[in-house]
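Residue numbers (the working numbering), protein chains in the order written: chain A, 4 to 243; chain B, 4 to 243.
All residues carry an ideal CB built from backbone N, CA and C; glycine is no exception.
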DNA sequence: ACTTTTGTTTGATCTTAATCAATGACGATT
DNA sequence: AATCGTCATTGATTAAGATCAAACAAAAGT
């Protein structure tokens, strides 16, 4: 893990301002954040933190990918989430005094992050009701996300989860063909979806055979987004 | 669903003060809450709200049990959580404007609840940084809870989940024998643990055969808590 | 270019828990 | 006490996905 002091340029301010959680801060508050910022470089496979460690920082990913995971006693790995560039993470679990990270964070490829001190951010939260509300609404969304996640795991089967994942990659406007690349290895996506790599591969194969998609390496070509959508359920917003 | 106006007695204030989220409010703020409180009576099986409905209230359960659930398209029911007396619920999802309940809430047995208006509580949150922090720390805990839930679903098997549930019923100090009653039907617990009733029954039977527990009706007798603990993993606080 | 490592696919087999079906137990109602 | 409905248990069978094993492909190191 390579720490770098953070260059004091105009771009700095702009970069911090773009972060959702900091968008309501005044100049003085932002200056305090800025002063505690450190930039971190991670190699492929390197850990940022491990489950059970004290939480003293939260992070914003600038480049690369971070997977949040847990290991079972038998050594099985479950990926809970894959962080993409632009996202902040580990900021929602800082409220229990002496709290610990509930998951480990490991770099996929090499990554660049900014790290922020919890203590300083909490002090600012005490002054900024607007920022409290931003954080609360963010936490709200995440609570909802986990509920959908459990829905997927318990009421949906492996194919549904995988199709859901594929559809999640498609921007809203497309309804016909769409092509994208997996930005991370397939076995990581598989673990994220709680599917074994072998099963993951077989499901893709079957969707191919059914004429819904074509997969070549990391490239996925969806022949008809709407038809693929028929394979799943919109898990949110069901009345009755 | 039977609405009742809320009696204006001294007990009222005390009852509201005991609610964790209201413990930091001043008299004037509590009075505003009090004015919007309604008491609700639910029959066995009656719904308090359904998934997809607009969230305008949150609740505190006084008596009975409430299950939070989702239905799959095929009609399968998944219980996400069982609310016990004293708990507040549906308060963490009110921050998205025009937000909707992510689950349905149905009464087990008959229940008595207090309902509070989101709008009024949000106004108070804007004034009370302390209450914001209470809510945020509450949401933090719940986020962690869902992560543990997914750990249980993906890294643990049905027996582990059931043993975890049994151990969760045991207050900390006991390490030898302990006896308790299931307060809700077994099939609800089964769904809560994502296990079919048949499998649930078979696992209890097996634990019995292994000399770990004795089950008679709703009564569970654990012969040796520590020995039962060996069957599982403490999912939280694992470093390395 | 060749070797090694890592990741992916394919086939055969196994395991866990679900499903299907029937019976039994219990509580509530009459 | 008899009946009904709900809930729980038990047995037989099935199915989804995991595991094991091997081949294959692609990337990385030498």
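Neighbour list for residue i in chain B, Cβ cutoff strictly below 8 Å
i	result
residue 153 of chain A	81, 83, 149, 152, 153, 156
residue 27 of chain A	Here the premise fails: no neighbours, minimum Cβ distance about 13 Å.
Coarse secondary structure for residue i, derived from DSSP in three states
i	result
residue 104 of chain B	coil
residue 109 of chain A	strand
residue 241 of chain A	Here residue 241 of chain A scores only 46 on pLDDT, less than 50, and its place in the model should not be relied on; the value that follows carries that caveat. Of the three classes helix, strand and coil, the one that applies to residue 241 of chain A here is coil, per DSSP.
residue 244 of chain B	No statement about residue 244 of chain B is possible, as the shown extent of chain B runs from 4 to 243 and does not include it.
residue 81 of chain A	strand
residue 123 of chain B	helix
residue 25 of chain B	helix
residue 198 of chain A	coil
residue 212 of chain A	helix
residue 13 of chain A	With a pLDDT of only 46 at residue 13 of chain A, under 50, the local geometry of the prediction cannot be trusted, and no value is derived from it.
residue 162 of chain A	helix
residue 291 of chain B	In the structure as shown, chain B begins at 4 and stops at 243. Residue 291 of chain B is therefore absent and cannot be evaluated.
residue 234 of chain A	coil
Beta-bridge partners of residue i, as assigned by DSSP
i	result
residue 7 of chain A	A/42
residue 136 of chain A	DSSP, once it has assigned bridges, lists no residue as partnering residue 136 of chain A.
residue 184 of chain B	B/222
residue 70 of chain A	A/85, A/109
residue 60 of chain B	B/120
residue 50 of chain B	B/109
residue 217 of chain A	A/224
residue 98 of chain B	None, per the DSSP bridge assignment.
Under 7 Å by beta carbon: chain B residues contacting residue i
i	result
residue 73 of chain A	154, 158
residue 106 of chain A	150
residue 197 of chain A	157
residue 95 of chain A	143, 146
Selected residue, minimal CA-CA separation from residue i, among the options
i	options	result
residue 150 of chain B	A/56, A/71, A/87, A/24	A/71
residue 207 of chain B	B/166, B/233, B/194	B/166
residue 225 of chain B	B/90, B/201, B/169, B/94	B/169
residue 198 of chain A	A/54, A/214, A/111, A/161	A/161
residue 22 of chain B	B/178, B/80, B/203, B/89	B/89
residue 87 of chain B	B/78, B/133, B/62, B/104	B/62
residue 194 of chain A	A/84, A/134, A/107, A/236	A/84
residue 112 of chain B	B/228, B/191, B/18	B/191
residue 38 of chain A	A/53, A/15, A/26	A/15
residue 229 of chain B	B/203, B/17, B/175	B/175
residue 103 of chain A	A/164, A/52, A/134	A/52
residue 1 of chain B	A/41, A/153, A/77	Absent from the model: residue 1 of chain B. The displayed extent of chain B is 4 to 243, so no value can be given.
residue 30 of chain B	B/42, B/17, B/41	B/17
residue 25 of chain A	A/75, A/213, A/132, A/100	A/132
residue 110 of chain B	B/171, B/129, B/44	B/44
Closer than 9 Å at the beta carbon, the chain A residues around residue i
i	result
residue 99 of chain B	140, 143, 144, 147
Under 7 Å from the C-beta of residue i: neighbouring residues of chain A
i	result
residue 129 of chain B	132
Cross-chain neighbours of residue i in chain B, by beta carbon under 9 Å
i	result
residue 136 of chain A	98, 125, 128, 129, 135
residue 180 of chain A	Neighbours of residue 180 of chain A on chain B: none; closest Cβ ~27 Å, over 9 Å.
Query - Contact between the segment 133–147 of chain A and the segment 61–81 of chain A (3+ Cβ pairs under 8 Å) - result: Of all C-beta pairs linking the segment 133–147 of chain A to the segment 61–81 of chain A, fewer than three are shorter than 8 Å, placing the two stretches out of contact.
Query raised in the report: Counting pairs of beta carbons, one from the segment 110–119 of chain B and one from the segment 147–162 of chain A, are three or more of them closer than 8 Å?
Result: The segment 110–119 of chain B makes no contact with the segment 147–162 of chain A; the number of CB pairs closer than 8 Å stays below 3.
Query raised in the report: Three or more beta-carbon pairs under 8 Å between the segment 202–222 of chain B and the segment 176–188 of chain B, yes or no?
Result: Contact between the segment 202–222 of chain B and the segment 176–188 of chain B is present, because at least three Cβ pairs lie under 8 Å.
Report task. Would you check if the segment 39–58 of chain B and the segment 95–106 of chain B touch, i.e. whether three or more CB-CB distances between them fall below 8 Å? Result -> Yes, the segment 95–106 of chain B is in contact with the segment 39–58 of chain B.
Query raised in the report: Should the segment 42–51 of chain B be regarded as contacting the segment 16–34 of chain B, the criterion being three or more beta carbon pairs within less than 8 Å?
Result: In short, these stretches do not touch, since the Cβ pair count stays below three.
Query raised in the report: How do the segment 125–134 of chain A and the segment 123–139 of chain B stand: do at least 3 beta-carbon pairs fall below 8 Å, yes or no?
Result: Two segments are said to touch when three or more pairs of C-beta atoms, one from each, lie closer than 8 Å; by this definition the segment 125–134 of chain A touches the segment 123–139 of chain B.
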